[in-house]
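Since the structure comes first, as structure tokens, the remarks are kept for the end.
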Amino acid sequence: MKRSYVLYTTLCAVVVGLLLCYVFVFSDEEIQQQIASTFEKIDIQTSHQVTAIPPVEAAQDEDDPDTTDALEQIENIDEVYYSDTIGAYLVLTDQQEFFEVSGAGSRVNAMLQLDDKDKKLVLDEFIGMRMVSEDRVYAVTTTGILVTIEREDGLWVERPRKQIAGLVSDDQIFGLGYDAETNRLLLMNRLADTPDLELLYIEERVVETEEADDPKKEKEETAKPDTNSENPDSAPASDAVTEPPKTETAESEETVSEPTEVVAKEEGEAGDQSPEADEEEKEPETEWALASRKALSADGMSASIQQKFERFAGVGLVERQGRIYVLDSEELVLYTINPEEATINGQMVTPRVYASTGMFLQDNEIFAIVHPEVFDLDAFVSVD
Numbered sequence: 002m003k004r005s006y007v008l009y010t011t012l013c014a015v016v017v018g019l020l021l022c023y024v025f026v027f028s029d030e031e032i033q034q035q036i037a038s039t040f041e042k043i044d045i046q047t048s049h050q051v052t053a054i055p056p057v058e059a060a061q062d063e064d065d066p067d068t069t070d071a072l073e074q075i076e077n078i079d080e081v082y083y084s085d086t087i088g089a090y091l092v093l094t095d096q097q098e099f100f101e102v103s104g105a106g107s108r109v110n111a112m113l114q115l116d117d118k119d120k121k122l123v124l125d126e127f128i129g130m131r132m133v134s135e136d137r138v139y140a141v142t143t144t145g146i147l148v149t150i151e152r153e154d155g156l157w158v159e160r161p162r163k164q165i166a167g168l169v170s171d172d173q174i175f176g177l178g179y180d181a182e183t184n185r186l187l188l189m190n191r192l193a194d195t196p197d198l199e200l201l202y203i204e205e206r207v208v209e210t211e212e213a214d215d216p217k218k219e220k221e222e223t224a225k226p227d228t229n230s231e232n233p234d235s236a237p238a239s240d241a242v243t244e245p246p247k248t249e250t251a252e253s254e255e256t257v258s259e260p261t262e263v264v265a266k267e268e269g270e271a272g273d274q275s276p277e278a279d280e281e282e283k284e285p286e287t288e289w290a291l292a293s294r295k296a297l298s299a300d301g302m303s304a305s306i307q308q309k310f311e312r313f314a315g316v317g318l319v320e321r322q323g324r325i326y327v328l329d330s331e332e333l334v335l336y337t338i339n340p341e342e343a344t345i346n347g348q349m350v351t352p353r354v355y356a357s358t359g360m361f362l363q364d365n366e367i368f369a370i371v372h373p374e375v376f377d378l379d380a381f382v383s384v385d
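Okay, so the sequence shown: first residue is 2 according to our numbering, each after it adds one.
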């Protein structure tokens with residue numbers, strides 16, 4: 002009897018606990034959204050890690066068929082970005098190669114060669130890279146060329162390059178950030194021969210040209226003579242012709258032919274409308290241009306940091322909790338920027354990051370790229 006009592010009591014407690022857990026925990030909309038986003042992130046990471054075609058030729062080994070050896074082909078790293086969304090590293094090299102490396106740093110998931118052949122805008126050294134969605138990556142060069150890389154059918158492909166409009170010769174840009182609320186890119190800028198530092202906002206705009214209106218006007222002008230050619234004055238002449246009396250056979254043949262003519266006419270109209278429909282569905286041409294400049298104030302800096310700031314040379318940019326961080330690996334100073342207040346301050350960091358070539362954010366921790374010769378997780382040193 003006692004055993005049955007204990008068993009039923011335990012079952013009741015478990016059931017009540019599950020009900021209370023559902024009512025107070027899983028019924029919360031925020032928690033449901035977090036659970037949904039977690040499963041969505043798992044699906045995204047799985048789709049990136051499972052590739053149908055080996056992206057990089059690795060050493061042939063029947064016992065170990067993965068692409069671990071392909072990591073050796075990643076040399077002279079220019080930029081690194083870690084995406085928590087897809088759980089992978091994105092890498093750009095001096096050879097204009099784009100790699101997607103697994104989060105464990107053990108294999109290459111995908112690779113893309115950025116080719117200058119038949120391109121009007123030739124690439125230079127990259128100064129920043131940013132993933133804005135699970136299937137879109139932006140990168141910027143020292144000359145202000147914006148490179149767009151998108152994932153299509155499981156493969157990374159490059160979209161047409163664009164020159165950022167509005168930059169001047171005195172601009173020395175570096176780093177790349179992204180404002181998700183306004184869909185704008187962020188660039189750091191050091192004016193030549195000055196200690197002034199700026200935050201540049203770059204936005205995408207629709208290119209408005211008068212040429213887009215000319216074809217419509219031509220179509221309207223071409224259409225007017227066609228409508229005028231059907232002059233009602235010519236109707237009496239056609240009515241003057243006496244038509245022979247219709248027989249039943251002729252009437253039946255005409256009745257049968259009318260639907261055929263209607264169908265043919267509708268097909269002809271549909272054929273005439275298809276080019277216009279394609280023209281309407283065509284996306285408008287856009288450009289990336291400088292939207293605004295925001296000068297940063299360094300009034301709150303200490304005297305020692307102020308002296309180092311006068312020799313400032315930034316090598317990277319990351320965003321964390323509403324702040325922007327920029328590293329000066331020569332002076333060993335990590336600068337913190339408040340975009341809303343337009344202020345900048347700095348603090349000394351470990352000498353281990355000296356002469357690093359860039360930095361990235363992973364798991365809310367800032368890492369510097371100390372040894373860019375090859376891709377190795379040991380070559381990334383924590384800045385915090």
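Just so it is clear, CB atoms sit at the ideal spot from N, CA and C, and this is done for glycine as well.
**Request:** Could you tell me the distance, in whole angstroms, from the CA atom of H372 to the CA atom of V81?
**Result:** Each residue's alpha carbon lies about 12 angstroms from the other.
**Asked** What's the call for T142, buried or exposed, on a 16-neighbour Cβ count within 10 Å?
**Response** With 16 or more other Cβ atoms within 10 Å, it is buried.
**DSSP-derived helix/strand/coil call for Y386** = In this structure the chain extends from 2 to 385, so residue 386 is not present and cannot be described.
**Buried or exposed by the 16-neighbour rule on C-beta atoms within 10 Å, applied to T94** = T94 should be labelled buried.
**Asked** So who's on the other strand from A296, going by DSSP bridges?
**Response** As DSSP reads the structure, A296 sits in a beta bridge with E199.
**Asked** Is any heavy atom in the ligand PLP found nearer than 7 angstroms to the beta carbon of L72?
**Response** In the structure shown, the ligand PLP is absent, as is every other ligand, since no ligand is present at all.
**Same chain only: Cβ atoms within 7 angstroms of A193, ignoring 5 sequence neighbours per side** = Correct list, in chain order: D171 and Q173.
**Request:** In angstroms with no decimal places, state the Cα-to-Cα distance between E366 and M349.
**Result:** Taking the Cα positions, E366 is about 16 angstroms away from M349.
**Item:** F127 - partner residues in DSSP beta bridges
**Value:** Per DSSP, the beta bridge partners of F127 are T142.
**Prompt:** What do you get for R206, buried or exposed, if any count of 16 or more other CB atoms within 10 angstroms of its CB means buried?
**Reply:** A residue is called buried when at least 16 other Cβ atoms come within 10 angstroms of its Cβ; R206 does not meet this threshold and is exposed.
**Asked** Can you tell me the Cα-Cα spacing of A343 and F368, whole angstroms?
**Response** Taking the straight line from one Cα to the other gives about 24 angstroms.
**Message:** Considering only DSSP beta bridges, list what R162 is partnered with.
**Reply:** DSSP lists no partner for R162.
**Message:** If you reduce the DSSP assignment to three classes, tell me which class Q114 lands in.
**Reply:** In this structure, Q114 counts as strand in the three-state DSSP scheme.
**Message:** I'd like the list of long-range same chain contacts for L297, defined as Cβ closer than 7 angstroms, with 5 residues on each side in sequence excluded.
**Reply:** Cβ-Cβ distances below 7 angstroms link L297 to L198, E199, L200, I338, A343, T344 and I345 in the same chain, with the five nearest sequence neighbours on each side left out; the list follows chain order.
**Asked** Secondary structure at L177, three-state DSSP: helix, strand or coil?
**Response** Here L177 sits in strand by DSSP.
**Asked** So, is V384 buried or exposed, given that buried needs 16 or more other C-beta atoms within 10 angstroms?
**Response** The residue is buried, with at least 16 neighbouring Cβ atoms inside 10 Å.
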